[in-house]
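Residue numbers (the working numbering): 73 to 650.
For glycine and all other residues, C-beta sits at the position ideal for the given N, C-alpha and C.
No experiment lies behind these values; they were computed from the predicted model shown.
Only one structure is covered here, and it is reproduced in the block below.
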Amino acid sequence: MLDGHLYLLLDMGSGTIKIKALQKKVNDGEWYHVDFQRDGRSGTISVNTLRTPYTAPGESEILDLDDELYLGGLPENKAGLVFPTEVWTALLNYGYVGCIRDLFIDGQSKDIRQMAEVQSTAGVKPSCSRETAKPCLSNPCKNNGMCRDGWNRYVCDCSGTGYLGRSCEREATVLSYDGSMFMKIQLPVVMHTEAEDVSLRFRSQRAYGILMATTSRDSADTLRLELDAGRVKLTVNLGKGPETLFAGYNLNDNEWHTVRVVRRGKSLKLTVDDQQAMTGQMAVDHTRLEFHNIETGIITERRYLSSVPSNFIGHLQSLTFNGMAYIDLCKNGDIDYCELNARFGFRNIIADPVTFKTKSSYVALATLQAYTSMHLFFQFKTTSLDGLILYNSGDGNDFIVVELVKGYLHYVFDLGNGANLIKGSSNKPLNDNQWHNVMISRDTSNLHTVKIDTKITTQITAGARNLDLKSDLYIGGVAKETYKSLPKLVHAKEGFQGCLASVDLNGRLPDLISDALFCNGQIERGCEGPSTTCQEDSCSNQGVCLQQWDGFSCDCSMTSFSGPLCNDREYRSVPCHS
């Protein structure tokens, strides 16, 4: 039984037949009489009075069964058991909940009550009763879990909560990824499935990145979830070419989002948060998914990939695949086939930081691809009021600039019909020696978005829609002689001094040093901040301490003292009196 429908599955050696025994659902709490008969390859399955005939393929008329018969479910320890791919409930880890009575096999009655008492299997009782009270009325699901009344029980859907457990009472483990981190489940045996239930929660500021993928060592088969331009993209490839679905919008907002995938053979359903589900139907006849691994953060099994998704930077939680909560199973040591270097716990992510130690330091990268749209992200930390962070010129007057002007971020661009300036929104200057997150995007309708930490500025520009860039992309500054020829709306007269990290160019995560076409000046890995910082007593006699990247200086102009620390008394001339 799956999704309320009763199915007959039969394989006599020449392939499985799958018959829906009744068009109506049978999970309504009523008793149903089921009768299964077989004579050679043919037979019938009857539900109450409705009879459905079947014929198995092939020539064999012998059903050769030599293993134990399981009733109502499967043992918890399934090692050594091989399940037919067509038995979806076995691979989804769905056991039967309800009552069974009057079991006859070949005319002989089976005393299942006595079997239940002898075997003492957990969750099986030698009786059948159903309480009339609705368990969900007592609100048993904690932390906003969704409650559903079951058979003498409540069922909590915790997938959108960040919690686990029967009542969503246990906080789910968070994994942090910095773009070089992964979790890989290397399954003990190759899996073949025709139905999957997948759910996970993610939080990221990046528009691109792999969330989860099944991968095979022997084929291109995959079920993959990734961020693509701020949307969730589902790709399913069963070896005959990919089918894709998209859901959500602007999901790289640093908030938690819940993704659910349900596949039943050819049918696909993708849901993000509480939005309307996106559905699709696969065009292929083949419905079997093969995989050896379940991967997150980075895809390591790449031999059959035509293009590799961006590595993920952000946080994952509550990854459940066919009933298995893999992140928590890994953390608790419940499975021994988990490999990871992603870090447990919620951590602030500063990926691949680089220090530009002087204002004449910069790197050149390959041209920024921003013709019809773009999505940029980076983090910075500085004490300088001014500096050029990014510059790329192009055909005609086309260009893009990101700079700091008096501590505030400016985004300047020209698509060919005049330069535009968008000032990022922030409550105070950003040269406070703290990390700041910057996202700059432009979509195909010329909607420009600048997000600094949590503050968003948007602007739509009319006219030309294409940014035709040609030269190298400069990060951190440009050659000294270039500043005088920068467009008029650009204020920068020198480069950026400070730290840059987590640079993301349309989903490409360049290494600012190893991927550079060339470097100029002093650039080092890591973030080396000021060796000395302003303290309350840094400047004497009420001098004002000015934090700089290579130390600090004292402003003594409002005191009667001078010197580096405002501790040299100034003697002012006075008129002489006779």
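**Study point:** Environment of C648 [buried if 16+ CB atoms lie within 10 Å]
**Key:** By 1-based counting over the sequence shown, the position of residue 648 is 576. Because C648 sits at a pLDDT of 46, beneath the cut-off of 50, its placement in the model cannot be relied upon, and the following sentence gives the value as read from the coordinates. By the Cβ-count criterion, C648 is exposed, with fewer than 16 other Cβ atoms from all chains shown falling within 10 Å of its own Cβ.
Review point. Can you list, in chain order, the residues of its chain whose CB lies under 7 angstroms from that of S645, leaving out five sequence neighbours each side?
Key: As a position in the sequence shown, residue 645 is number 573, starting the count at 1. Reliability of the predicted coordinates at S645 is poor, the pLDDT of 43 falling under 50, and no value is obtained from them.
Exercise for review: Give the secondary structure of D249 by DSSP, where H, G and I count as helix, E and B as strand, and everything else as coil.
Suggested key: Residue mapping note: residue 249 aligns to position 177 of the sequence shown, counting from 1. A small correction: the amino acid at residue 249 is Tyr; Asp does not occupy that position in the sequence shown. Here Y249 carries a strand assignment [DSSP, helix/strand/coil].
Check your understanding: What does S465 pair with, by DSSP beta-bridge criteria?
Key -> Along the sequence shown, one-based indexing puts residue 465 at 393. Within the DSSP bridge table, the entry for S465 names F471 as partners.
Exercise for review: Thinking S612 and C591 are a contact (beta carbons under 8 angstroms), I'd like their distance in whole angstroms, please.
Suggested key: By 1-based counting over the sequence shown, the position of residue 612 is 540. By 1-based counting over the sequence shown, the position of residue 591 is 519. Taking a contact as a CB-CB distance under 8 angstroms, the pair S612 and C591 does not count as one, their CB atoms being some 40 angstroms apart.
Check your understanding: In terms of residue numbering, what span does the alpha helix (DSSP H) encompassing Q186 cover?
Key -> In the sequence shown, counting from the first residue as 1, residue 186 sits at position 114. Under the DSSP assignment, Q186 falls in the alpha helix (DSSP H) whose first and last residues are I184 to Q191.
Point to revise | Coarse secondary structure for C626, derived from DSSP in three states | key: Your numbering for residue 626 matches position 554 in the sequence shown. In the structure shown, C626 sits in a strand (DSSP, three-state: E or B).
Practice item. Measure from the alpha carbon of Q277 to the alpha carbon of each residue in L323, D346, V196 and D540, then state which is nearest. Key: Looking up residue 277 in the sequence shown gives position 205. Looking at L323, D346, V196 and D540, the one whose alpha-carbon comes closest to that of Q277 is L323.
Point to revise | Which of helix, strand or coil DSSP assigns to A162 | key: Numbered from its first residue, the sequence shown carries residue 162 at position 90. The answer is helix: DSSP assigns A162 an H, G or I state.
Practice item. Determine contact between the segment 485-499 and the segment 518-534, defined as no fewer than three beta-carbon pairs at a distance below 8 angstroms. Key: Enough Cβ pairs lie closer than 8 angstroms, so yes.
Check your understanding: Using the C-alpha atoms, what's the distance from G232 back to N211?
Key -> Translated into the one-based positions of the sequence shown, residue 211 becomes position 139. Translated into the one-based positions of the sequence shown, residue 232 becomes position 160. Whole-angstrom Cα-Cα distance: 17 angstroms.
Review point. For P129, which residues of its own chain have a beta-carbon under 6 angstroms away from its beta-carbon, when the five flanking residues on both sides are left out?
Key: If you number the sequence shown from 1, residue 129 lands on position 57. S86 and G87.
Point to revise | L283 versus M350, V473, T193 and N383, residue with shortest Cα-Cα distance | key: By one-based count along the sequence shown, residue 283 stands at place 211. Nearest C-alpha to L283: N383.
Practice item. Report yes or no: do the segment 254-265 and the segment 210-230 share at least 3 C-beta pairs separated by less than 8 angstroms? Key: Cβ pair count under 8 angstroms is below three, so no.
**Study point:** Same chain only: Cβ atoms within 6 angstroms of P381, ignoring 5 sequence neighbours per side
**Key:** Position 309 of the sequence shown, counted from the start, is the residue given in the question as residue 381. Its chain contains I282 and E298 as the residues whose beta carbon lies nearer than 6 angstroms to that of P381, once the 5 sequence neighbours on both sides are disregarded; these appear in chain order.
Review point. Near N489, which residues of its chain fall below 7 angstroms by C-beta distance, leaving aside the five closest residues on each side in sequence?
Key: Working through the sequence shown from its first residue, we reach residue 489 at position 417. Correct list, in chain order: G535 and A536.
Check your understanding: Which term fits H105, buried or exposed, when burial requires 16 or more other beta carbons within 10 angstroms of its beta carbon?
Key -> The residue you call residue 105 lines up with position 33 of the sequence shown. Exposed, since its Cβ has fewer than 16 Cβ neighbours within 10 Å.
Review point. Taking the alpha carbon of R242 as the point to measure from, which residue in H508, Y79, S432 and D400 has its own alpha carbon closest?
Key: Position 170 of the sequence shown, counted from the start, is the residue given in the question as residue 242. Checking every option, the nearest Cα to that of R242 belongs to D400.
Exercise for review: Could you name the residues of the same chain whose beta carbon sits closer than 7 angstroms to that of D293, not counting the 5 residues immediately before and after it, in chain order?
Suggested key: For this step, residue 293 is matched to residue 221 along the sequence shown. By the criterion of a C-beta distance shorter than 7 angstroms, D293 is surrounded in its chain by N309, L310, G311, L361, E362 and F363, once the five residues flanking it on both sides are discounted.
Practice item. Determine the burial state of E475: buried for a count of at least 16 other Cβ atoms within 10 Å of its Cβ, exposed for fewer. Key: By 1-based counting over the sequence shown, the position of residue 475 is 403. Counting the other CB atoms within 10 Å of its CB gives E475 a total of 16 or more, which places it among the buried residues.
Exercise for review: Output the residue ranges of the beta strand (DSSP E) runs that lie fully inside the segment 211-285 and measure 3 residues or longer, sorted by chain position.
Suggested key: Counting whole runs of 3 or more residues, the segment 211-285 contains the beta strand (DSSP E) stretches 218-222, 225-229, 246-250, 255-265 and 267-275.
Exercise for review: Round the Cβ separation of V196 and G144 to the nearest angstrom and send it over; I've been treating them as touching at under 8 angstroms.
Suggested key: By one-based count along the sequence shown, residue 196 stands at place 124. By one-based count along the sequence shown, residue 144 stands at place 72. For V196 against G144, the beta-carbon gap comes to about 7 angstroms, under 8 angstroms, which counts as contact.
Check your understanding: In this structure, does DSSP put D346 in helix, strand or coil?
Key -> Start at 1 with the first residue of the sequence shown, and residue 346 comes out as number 274. Coil.
**Study point:** Length of the line joining the Cα atoms of L340 and D290
**Key:** Sequence index remark: in the sequence shown, residue 340 carries index 268 (1-based). Sequence index remark: in the sequence shown, residue 290 carries index 218 (1-based). So the alpha carbons of these two residues sit roughly 24 angstroms apart.
Check your understanding: Applying the criterion that 16 or more other CB atoms from any shown protein chain within 10 Å of the CB defines a buried residue, is I134 buried or exposed?
Key -> Looking up residue 134 in the sequence shown gives position 62. Counting the other Cβ atoms within 10 Å of the Cβ of I134 gives fewer than 16, which makes it exposed.
Practice item. Note the first and the last residue of the continuous alpha helix (DSSP H) segment covering L401. Key: For the purposes of this step, residue 401 is taken as the residue at position 329 of the sequence shown. Following the DSSP letters along the chain, one finds L401 inside the alpha helix (DSSP H) bounded by residues Y398 to K403.
**Study point:** Span separating the alpha-carbon of D107 from that of S132
**Key:** Numbered from 1 along the sequence shown, position 35 holds the residue referred to as residue 107. Numbered from 1 along the sequence shown, position 60 holds the residue referred to as residue 132. Approximately 23 angstroms between the Cα atoms of the pair.
**Study point:** Residue burial classification, C213 (beta-carbon count within 10 angstroms, cutoff 16)
**Key:** Along the sequence shown, one-based indexing puts residue 213 at 141. Buried: at least 16 other Cβ atoms inside 10 Å.
Review point. How close, in whole Å, do the beta carbons of G337 and T359 come, if the pair is a contact with beta carbons under 8 angstroms?
Key: Numbered from 1 along the sequence shown, position 265 holds the residue referred to as residue 337. Numbered from 1 along the sequence shown, position 287 holds the residue referred to as residue 359. Indeed they touch by this definition, with Cβ atoms about 5 angstroms apart.
**Study point:** alpha helix (DSSP H) runs wholly inside the segment 300-359, at least 4 long, in chain order
**Key:** Taking only runs of at least 4 residues, no alpha helix (DSSP H) segment lies wholly in the segment 300-359.
**Study point:** Selected residue, minimal CA-CA separation from D75, among M84, L82, D83 and L94
**Key:** As a working mapping, residue 75 is identified with position 3 in the sequence shown. Among M84, L82, D83 and L94, the Cα nearest to that of D75 belongs to L94.
Exercise for review: Check the DSSP bridge columns for D111 and list the partner residues they point to.
Suggested key: On the sequence shown, position 39 is the one that residue 111 refers to. Under DSSP, D111 shares a beta bridge with S114.
**Study point:** Which of helix, strand or coil DSSP assigns to S390
**Key:** As a working note, residue 390 is residue 318 in the sequence shown. Reduced to three states, the DSSP call for S390 is strand.
Check your understanding: P636 by DSSP, collapsed to three states: which one?
Key -> Here residue 636 refers to the residue found at position 564 of the sequence shown. Annotated three-state conformation of P636 is coil, per DSSP.
Check your understanding: Quick one: what's got a C-beta closer than 6 angstroms to D540's C-beta in the same chain, skipping five residues either side?
Key -> For the purposes of this step, residue 540 is taken as residue 468 along the sequence shown, with counting starting at 1. Excluding positions up to five away in sequence, the list reads G466, D467 and D470.
Review point. Where does N499 land, buried or exposed, given buried means 16+ other C-beta within 10 angstroms?
Key: Counting from 1 along the sequence shown, the entry for residue 499 is found at position 427. Exposure of N499 is indicated by the presence of fewer than 16 other C-beta atoms within 10 angstroms of its C-beta.
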